[in-house]
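This report refers to the structure that appears directly beneath it.
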Amino acid sequence: MVDVTVDKAEVDLINVDGFEKLITELTIEDIWRLVFDTKSQVCEFYAKYAKCYGFVSQKYLKMVDVNGNINTRQLVCNKVGERHWKHLKRDNRQREHRIITRVNCKARIRFIRHYRTGGYDKVGFTCKDLHNHISKTRRGKVKDGDAFAALAYLLSKIDSDPLFLGKFTLKDGRLDNLMWADGASIVDYKYFGDVLAFDTTYKKNIYNKPLVIFSGTNHHG
């Protein structure tokens, strides 16, 4: 007689779609969604599952590919099947029948090997590599979005300010340099251009470009 009793404290937690559940709380749908990294993990899970429900699991049918890799594995209750009737009706038996343990139990589970499953750790990259790639891609999109926003702003100023002046240059298809002056600043410089400050104290920003400000004073100070 195999002891299949289990203490509640021994019941393992299983991660299902990011949520931890006791094995005894798993539904059929939960089990359908389980993914394991190795065959031994599959067998270990079903052994614990079987123990929780009062039976013992064992390996059963399997299917392999041309290289001998297991593609499908079926795990069953150790009471699967039945003893053949001819062994029960023999008249010439020389010893007593062994206790019948196989009672055609239908408890079983089948696992299929999926070649496309896995995570970042299976493709030679670290989690940090992936985060850096995503961050770089997002920065590129933000840069392009900022460039279009800046040019759109300058074009809108032209419509409302006839003296507005704006120029820009491109490099490798991207915005490289940008300069503008509004009409009021141009008029002020024409009449009160005796003082002009050229400020380059600003550090380079995330675009690796310096911000240079030309500032002046008029008769108001």
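Numbering (full-length UniProt numbering), first residue to last: 1 to 221.
Ideal placement from N, C-alpha and C gives every residue a C-beta, glycine not left out.
For the options L26, N71, E29 and T169, the alpha carbon positioned closest to that of K39 is the one of N71. For G166, DSSP records a beta bridge to W180. If you draw a straight line from the Cα of A50 to the Cα of C77, it comes to about 8 Å.
In this structure R113 does not touch L75 by the C-beta definition: roughly 14 Å separates them, more than the 8 Å allowed.
When the alpha-carbon of I158 is set against those of L175, A184, K171 and L170, the nearest one is in A184. Annotation for L165: A181 place their beta carbon closer than 6 Å to its own, counting only its chain and skipping 5 residues before and after.
Here L34 carries a coil assignment [DSSP, helix/strand/coil]. Judged by beta-carbon spacing, R83 lies within the 8 Å limit of R102, meaning their Cβ atoms are closer than that value. Assigned with DSSP and collapsed to three states, L26 falls in coil, not helix or strand.
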